[in-house]
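Student: Numbering of the sequence shown is given in my numbering, commencing with residue 2 and proceeding in unit increments.
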Amino acid sequence: MKSSQNALKSQSSFRSQMVMIAGAILLLGWAVVIGSAQEAEPLAGHTDPVYATAFTPNGKWLVTASFDKTLKLWNPETHQSVRTMDGHTEIVLSLAVSPDGSRIASGSSDRTIRLWDVPLTEPTASFEAHKEGVTSVDTNKEGTQYLTGGRDKSVKLWNAEDGKLVREFPGHQAPVTQVSFRKDNQQIASSDENGVVRVFNANDGKELAVLGAHNGQVTGLLWAPNNSFLLTAGSDGMLKRWPNAFPEIKTFAGHGGAIRQITVSPNNARVASSSEDKTVRIWELGNPKQLRTLDGHGGIVSALAFSNNSVQLATGCEDKIARVFDINNGNLVKAFPAQGGAITSVAIHPNGQEIAAADKTGIVKIFKIADGMEVRELKGHQGAVTGVCYTPNSANILTAGVDKTVRVWNVSDGKEIRKIDVGTPVSCVAVSFNSAWIAAGGDDKQIHTYNLGDGKPLKTYAGHTEKPLSVEFTRDNQRLLSSAGDGTVRLWDINKGDELQQFVRSEGNVVAAMSTDSRTVVFGGKTKDIYAETLSVQAVQLAEENSILDLAIRS
Numbered sequence: 002m003k004s005s006q007n008a009l010k011s012q013s014s015f016r017s018q019m020v021m022i023a024g025a026i027l028l029l030g031w032a033v034v035i036g037s038a039q040e041a042e043p044l045a046g047h048t049d050p051v052y053a054t055a056f057t058p059n060g061k062w063l064v065t066a067s068f069d070k071t072l073k074l075w076n077p078e079t080h081q082s083v084r085t086m087d088g089h090t091e092i093v094l095s096l097a098v099s100p101d102g103s104r105i106a107s108g109s110s111d112r113t114i115r116l117w118d119v120p121l122t123e124p125t126a127s128f129e130a131h132k133e134g135v136t137s138v139d140t141n142k143e144g145t146q147y148l149t150g151g152r153d154k155s156v157k158l159w160n161a162e163d164g165k166l167v168r169e170f171p172g173h174q175a176p177v178t179q180v181s182f183r184k185d186n187q188q189i190a191s192s193d194e195n196g197v198v199r200v201f202n203a204n205d206g207k208e209l210a211v212l213g214a215h216n217g218q219v220t221g222l223l224w225a226p227n228n229s230f231l232l233t234a235g236s237d238g239m240l241k242r243w244p245n246a247f248p249e250i251k252t253f254a255g256h257g258g259a260i261r262q263i264t265v266s267p268n269n270a271r272v273a274s275s276s277e278d279k280t281v282r283i284w285e286l287g288n289p290k291q292l293r294t295l296d297g298h299g300g301i302v303s304a305l306a307f308s309n310n311s312v313q314l315a316t317g318c319e320d321k322i323a324r325v326f327d328i329n330n331g332n333l334v335k336a337f338p339a340q341g342g343a344i345t346s347v348a349i350h351p352n353g354q355e356i357a358a359a360d361k362t363g364i365v366k367i368f369k370i371a372d373g374m375e376v377r378e379l380k381g382h383q384g385a386v387t388g389v390c391y392t393p394n395s396a397n398i399l400t401a402g403v404d405k406t407v408r409v410w411n412v413s414d415g416k417e418i419r420k421i422d423v424g425t426p427v428s429c430v431a432v433s434f435n436s437a438w439i440a441a442g443g444d445d446k447q448i449h450t451y452n453l454g455d456g457k458p459l460k461t462y463a464g465h466t467e468k469p470l471s472v473e474f475t476r477d478n479q480r481l482l483s484s485a486g487d488g489t490v491r492l493w494d495i496n497k498g499d500e501l502q503q504f505v506r507s508e509g510n511v512v513a514a515m516s517t518d519s520r521t522v523v524f525g526g527k528t529k530d531i532y533a534e535t536l537s538v539q540a541v542q543l544a545e546e547n548s549i550l551d552l553a554i555r556s
């Protein structure tokens, strides 16, 4: 773990505890800068870039690690080098100082951890810790154990006394960038180049949380001194705060095939899911218990929508039929006349009396739920319609299609009142709860937003590496949730366009839905299981287009 006590204060109570550090590769020769930006004075001595810095707890010494394969001990008052510590045979990437300031641990590309007694210049112990370079090291509060992370994607816990391996923490799919002990030694956190942070129980190795923290590698990882939060920084220029405790992730198991669609009931009590096993299942949101299966479909169900009163569920199936079920007893309420192609999307009118069903032929049909009578057709799309939804104010229907358009229709007479050219085939569409904005996911792998009133573009959200498969506004209209074929679910700040959090437990095509209290994301994909995970991130943008290289917390 790279660290420093040279902090920058801020007006915000949150940001006053979080600082960026000028201790990673500096552009002032190969020097370390001590002091404020106005009075900075370099400590010259290293012959290659300085990559890690740390003060001893009493502030008496500053330790630096460099690409020149050495560590140096400095007197921060006189700015003089006191010791040079040689021993590593490759660049030194990380260091940690024991809580009593008597010992330094360093990690290097030579794959070793070396322990140094201050102020000796030669290591007192050295052992090979990883199969590739050691990128990060931290110590527990007693200095009896060391935590290391490596380019071999592994995280390991070691006894300081004899160098024996205590435990490994598996899971990372990319080189590890940072490791950190929580100050009470109960949890450890680790991060990687894919932007993922994993949190483990330090005592038994149980994984507690997987956080899609950053769009790019995680460059800083620290627990608050009072254990109240976890702080991360990334190459995306974001600084993020996470809670000290992570609610257990709920898993809904039962489907026999990849998950095709998920939705949460407006009353926040139920989850409906469909799968390639051709079933639709109803679950309790608070307790991942399957309540019932909705039977009678003649193929895979690709579309789901709850009624506003949370009593009925509309389904759209490859057998070209839209259906409505009573979820309390699982009974079929109505099956509507077969359409010209597989049903791709369904929506129930806010008043619960009509259903809109879109299909692959480009037609959207409106039916009365009570008697199944067709009310009207919405024609205009050239090719498959990929999404349909009613505006919450009941005034309009939105449709999206592979013809690169989103269309706005009057509910009252079915007339098309606006056509928005997205410029790419549209894979999904959503409307904000204030009936003011449209979000459309495209084959260009981006989310595009528009003003519903005049169709003017607002903002584009980029980050997915495959096309979005679902998109949804939160009820407060402040955030946007999207899922894609890249295996990720992403949460966005609508106003800033910042990616706030990723959910990465699935793979392949992933679909997602938000609970109506905007606290829980429910998602699933190729793995067949469905996960319910609590939102927990608070983010601050500190560097508009610059990576945050490292961070520290002023206690």
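Glycine included, every Cβ here is placed at the ideal spot set by N, Cα and C.
1. For the beta strand (DSSP E) containing alanine 401, list its first residue and its last residue.
2. Please return the same chain residues whose Cβ sits closer than 6 Å to the Cβ of asparagine 329, not counting the five positions on each side in sequence.
3. May I ask you to report which of helix, strand or coil DSSP gives valine 538?
4. Is threonine 209 near glutamine 188, with beta carbons less than 8 Å apart?
5. With 16 as the cutoff for other CB atoms within 10 Å, does glutamine 340 come out buried or exposed?
6. Quick one: what does DSSP say proline 469 is sitting in, helix, strand or coil?
7. Look at the Cβ atom of isoleucine 356, then the Cβ atom of phenylalanine 368, and state whether they are nearer than 8 Å.
8. If you draw a straight line from the C-alpha of aspartate 414 to the C-alpha of asparagine 394, how long is it?
9. Give the range of the beta strand (DSSP E) segment to which asparagine 411 is assigned.
10. Count Cβ pairs between the stretch 235–243 and the stretch 273–281 that sit closer than 8 Å; are there 3 or more?
11. Spatial neighbours of arginine 168 within its chain, please: C-beta separation below 6 Å, excluding the five flanking residues on both sides.
12. Looking only at C-alpha atoms, which of Ala246, Ala175 and Glu162 sits nearest to asparagine 202?
13. Bridge partners of proline 458, per DSSP?
14. Taking all protein chains shown into account, decide if serine 471 is buried (16 or more other Cβ within 10 angstroms of its Cβ) or exposed.
15. Who are the Cβ neighbours of lysine 251 in its own chain at under 6 Å, not counting the five residues just before and after it?
16. How should asparagine 141 be labelled, buried or exposed, when 16 other C-beta atoms within 10 angstroms of its C-beta is the threshold for buried?
17. Could you check if proline 171 is buried or exposed, using at least 16 other CB atoms within 10 Å of its CB as the buried criterion?
18. Work out the CA separation of tryptophan 243 and serine 537 for me, nearest whole Å.
19. In the DSSP output, what is aspartate 139 paired with across the bridge?
20. When every heavy atom of the ligand MN is checked, does at least one fall within less than 7 Å of the C-beta of asparagine 195?
21. Using 8 Å as the threshold, is the C-beta distance between leucine 72 and valine 51 below it?
22. Just to confirm before moving on: does the CB-CB distance between phenylalanine 474 and alanine 440 stay below 8 Å?
23. Straight-line CA distance for alanine 358 to arginine 520?
24. Taking the alpha-carbon positions, what's the aspartate 477 to aspartate 518 distance?
25. Is lysine 157 helix, strand or coil by DSSP?
26. Are the beta-carbon atoms of asparagine 228 and arginine 183 separated by less than 8 Å?
27. When DSSP builds the beta bridges, which residues end up paired with valine 427?
28. By Cβ distance below 6 Å, which residues in the same chain neighbour glutamate 417 in space, the five residues on each side in sequence not counted?
29. Are the CB atoms of histidine 256 and lysine 529 nearer to each other than 8 Å?
30. Report back the beta-carbon spacing between glycine 443 and proline 426 to the nearest angstrom; my notes put them in contact at under 8 Å.
31. On the three-state DSSP scale, how would you describe serine 266?
32. Under 7 Å Cβ to Cβ from serine 428, same chain only, skipping five residues before and after it: list those, please.
33. Whole angstroms is fine: what's the gap from valine 302's alpha carbon to serine 107's?
34. Go to isoleucine 349, then tell me how far its beta strand (DSSP E) extends in each direction, as first and last residue.
35. Which residues does DSSP pair with proline 100 in a beta bridge?
Tutor: Looking at the atomic coordinates:
1. Counting along the chain, the beta strand (DSSP E) containing alanine 401 begins and ends at 397–402.
2. Scanning its chain for C-beta atoms nearer than 6 Å, with the 5 sequence neighbours on each side dropped, one finds no residue around asparagine 329.
3. coil
4. The residue asked about is misnamed: residue 209 is leucine in this sequence, not threonine. Yes, the Cβ-Cβ distance between leucine 209 and glutamine 188 is below 8 Å.
5. buried
6. strand
7. yes
8. Rounded to whole angstroms, aspartate 414 to asparagine 394 spans 16 Å at the Cα level.
9. 406–411
10. no
11. Take arginine 168, set aside five residues on each side of it, and the residues of its chain with a beta-carbon closer than 6 Å to its own are Leu158 and Gly206, in chain order.
12. Ala246
13. Tyr451.
14. buried
15. A distance below 6 Å between beta-carbons, with the five flanking residues on each side excluded, links lysine 251 to the following residues of its chain, in chain order: Pro289 and Ala533.
16. buried
17. exposed
18. 6 Å
19. Paired residue(s): Leu148.
20. This structure simply doesn't include the ligand MN, nor any ligand for that matter.
21. no
22. yes
23. Near 29 Å, if we compare the C-alpha coordinates of arginine 520 and alanine 358.
24. Approximately 9 Å between the Cα atoms of the pair.
25. strand
26. yes
27. Gly443
28. Gly381, Arg408 and Trp410
29. yes
30. 7 Å
31. coil
32. Thr387, Gly442, Gly443, Asp444, Lys468, Pro469 and Leu470
33. 55 Å
34. 344–349
35. For proline 100, which the question treats as bridged, DSSP gives no partner whatsoever.
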